[in-house]
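In my numbering, the protein residues as written are 623 to 1026.
Every residue, glycine too, gets a C-beta built ideally from N, C-alpha and C.
A quick note: this is a predicted structure, and the numbers were derived from the prediction, not measured.
Written out below as structure tokens is the structure these notes cover.
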Ligand SMILES: *Cc1c(COP(=O)(O)O)cnc(C)c1O
């Protein structure tokens, strides 16, 4: 017979965590919505006590007990978002930053501070992540490889293996268990921005660090910028120390909005994914589309290649917004070679599979028929497959345009 005292509570489903995690104390506080704490500083009449708490943080990076000292150290509203995101990713801890790029910067600085500046990474990555690794801004040295080459690329000073799956913008997928095996003792960072914990939880596949541009699906409404790292508490402590020293903190208002965004994350992602899968099927059957990219894990991103001029599609959408970024309630479309991956050198872009004919669409919550009508009208200037003439290594070019 079970002893009631020893029974651990059943794990709660993701949908339940999404609306309750980080809010457990609200009823006791006598409120329903989480309080938004905008203080930059906190009064204390006990300077000796504050000194001890600051020493403790400097030595360990553990979260402060009691009220914060200063907003660059900790914020109670942001902490709620961190707690909730950690729960959704199945992580011990999470540390939030001002943006996805600030989050990646902090991870790289933690490793560099241990003398581990070498990173092994798989392309494609988000354009600015590619740039940050390769441009040497943080003294990072990168070896680009395909997943099969990871084990061989690892050196004694390798501090990190980084992959993105599904990857921005081709939606290429990486077998995380295989990659994890190749990493040995080197921590594996997975950028989980596109899949979100609703579709994929990389820590369960052996990743040590999960990174999000919270600006995308976690916020979900195109009105908040943030980044977050989910990981074990040991690594989180180092991240908090870097965040305190470098100042890339998330604004509490952003923390509030991100916590609110998480509560609808499962329904938003599932609804938009169903529409995206439908659009991917329709695009796949359309003779004006050379290639469709849609990941096996699902998700709300669809990328596709046209035979003709991709800029004419961007110029012709009316319902879908022609804009970079993704993960909002409304649909966006952009041309990676011009915008999101512009900062990556042309040759590197192409070898990573980012064709100049590739368009990347972030599918929102609109009705699928309205989205399809807009897409198909925007595609009306595109040549169809039969009319595209093969021209050697250049691939395809249009022979004539077909009107509609
Ligand atoms: C947007 C994005 C980032 C960068 O995040 P910001 O919040 O814009 O700094 C990182 N990774 C992926 C996959 C992204 O799409």
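Does DSSP put residue 776 in a helix, in a strand, or in coil? Reduced to three states, the DSSP call for residue 776 is coil.
I'd like the list of long-range same chain contacts for residue 624, defined as Cβ closer than 8 angstroms, with 5 residues on each side in sequence excluded. Caution applies to residue 624, whose pLDDT of 45 falls short of 50 and renders its modelled position unreliable; the value that the coordinates give is listed next. Result list for residue 624: empty, nothing under 8 angstroms.
Heavy atom of ligand 1 within 7 angstroms of residue 765 beta-carbon: Not one heavy atom of ligand 1 sits closer than 7 angstroms to the Cβ of residue 765.
Indicate whether residue 875 and residue 651 have their beta-carbon atoms separated by less than 8 angstroms. In this structure, residue 651 does not lie closer than 8 angstroms to residue 875 by Cβ.
Are the CB atoms of residue 985 and residue 997 within a distance shorter than 8 angstroms? When the beta-carbon positions are compared, residue 997 and residue 985 stay at least 8 angstroms from each other.
Would you check if the distance between the CB atom of residue 697 and the CB atom of residue 689 is smaller than 8 angstroms? No, the pair does not count as a contact, with Cβ atoms beyond the cut-off.
Among the candidates 1007, 804, 680, whose CA atom is the shortest distance from the CA of residue 913? The shortest Cα separation from residue 913 among 1007, 804, 680 belongs to 1007.
Does any heavy atom of ligand 1 sit closer than 7 angstroms to the C-beta of residue 925? No, the beta carbon of residue 925 sits no closer than 7 angstroms to any heavy atom of ligand 1.
Beta-carbon proximity of residue 734 to residue 761, cut-off 8 angstroms: Yes.
Using the rule of at least 16 other Cβ atoms within 10 Å of the residue's Cβ for burial, across every protein chain shown, is residue 1021 buried or exposed? Model confidence at residue 1021 stands at a pLDDT of 33, short of 50, so the residue's coordinates are unreliable and nothing is read from them.
Quick check on DSSP: helix, strand or coil for residue 651? Collapsing the DSSP output to three states places residue 651 in a helix.
Can you tell which of 966, 892, 920, 931 has its C-alpha closest to the C-alpha of residue 910? Looking at 966, 892, 920, 931, the one whose alpha-carbon comes closest to that of residue 910 is 931.
Proximity below 8 angstroms, CB of residue 781 to CB of residue 740: Yes, the Cβ-Cβ distance between residue 781 and residue 740 is below 8 angstroms.
Would the stretch 866–886 and the stretch 965–985 be scored as touching if the rule is three or more Cβ pairs under 8 angstroms? Two segments are said to touch when three or more pairs of C-beta atoms, one from each, lie closer than 8 angstroms; by this definition the stretch 866–886 does not touch the stretch 965–985.
Under the three-state DSSP convention, the category residue 871 falls into: In the structure shown, residue 871 sits in coil (DSSP, three-state: anything other than H, G, I, E or B).
Pairing CB atoms from the stretch 862–873 with CB atoms from the stretch 785–792, are three or more of them under 8 angstroms? Taking 8 angstroms as the limit for Cβ pairs, the verdict is that the stretch 785–792 does not touch the stretch 862–873.
Report whether the distance from the Cβ of residue 748 to the nearest heavy atom of ligand 1 is below 7 angstroms. In this structure, the C-beta of residue 748 approaches ligand 1 to less than 7 angstroms from one of its heavy atoms.
Do you know how far the Cα of residue 822 is from the Cα of residue 756? Cα to Cα, residue 756 sits roughly 27 angstroms from residue 822.
Just to confirm before moving on: does the CB-CB distance between residue 834 and residue 849 stay below 8 angstroms? Yes, Cβ-Cβ distance for residue 834 and residue 849 is below 8 angstroms.
How is the alpha helix (DSSP H) around residue 934 delimited, first residue to last? Its alpha helix (DSSP H) spans residues 932–938.
Assigned exposure category for residue 653 - 16 Cβ within 10 Å defines buried: Residue burial is scored here from C-beta neighbours: residue 653 has fewer than 16 other C-beta atoms within 10 angstroms and is therefore classed as exposed.
State whether the stretch 716–726 contacts the stretch 893–908, with contact taken as three or more CB pairs (one from each stretch) at a distance under 8 angstroms. Too few Cβ pairs lie closer than 8 angstroms, so no.
Since residue 832 and residue 812 should fall inside the 8 angstroms C-beta cutoff, what is the C-beta to C-beta distance between them, to a whole number of angstroms? The C-beta distance from residue 832 to residue 812 rounds to 6 angstroms, short enough to meet the 8 angstroms contact threshold.
Leaving aside the five residues before and after residue 666 along the sequence, list all residues of the same chain whose C-beta is less than 6 angstroms from its C-beta, in chain order. Closer than 6 angstroms at the Cβ level, and outside the excluded window around residue 666, lie 672.
Give me, in chain order, the residues of the same chain whose beta-carbon lies closer than 7 angstroms to that of residue 744; leave out the 5 immediate sequence neighbours on both sides. Answer for residue 744: 767, 768, 769, 785, 796, listed in chain order.
With distance defined between alpha-carbon atoms, name the residue in 905, 918, 836 nearest to residue 718. Nearest C-alpha to residue 718: 836.
Check whether residue 924 and residue 1001 have beta carbons under 8 angstroms apart: Their beta carbons are not under 8 angstroms apart, which means residue 924 does not touch residue 1001 by this criterion.
Hey, out of 644, 700, 746, 826, whose CA is closest to residue 958's CA? Among 644, 700, 746, 826, the Cα nearest to that of residue 958 is on 746.
Beta-carbon gap between residue 802 and residue 827 smaller than 8 angstroms: Residue 827 sits close to residue 802, with the two beta carbons spaced by under 8 angstroms.
I'd like to confirm the pairing. Which residues does DSSP put opposite residue 848 in its beta bridges? For residue 848, which the question treats as bridged, DSSP gives no partner whatsoever.
Please determine whether the Cβ atom of residue 697 lies at a distance below 7 angstroms from any heavy atom of ligand 1. Answer for residue 697: no, Cβ out of range of ligand 1.
Residues near residue 945 by beta carbon distance below 7 angstroms, same chain, minus five either side: Same-chain partners within the cutoff: 954, 956.
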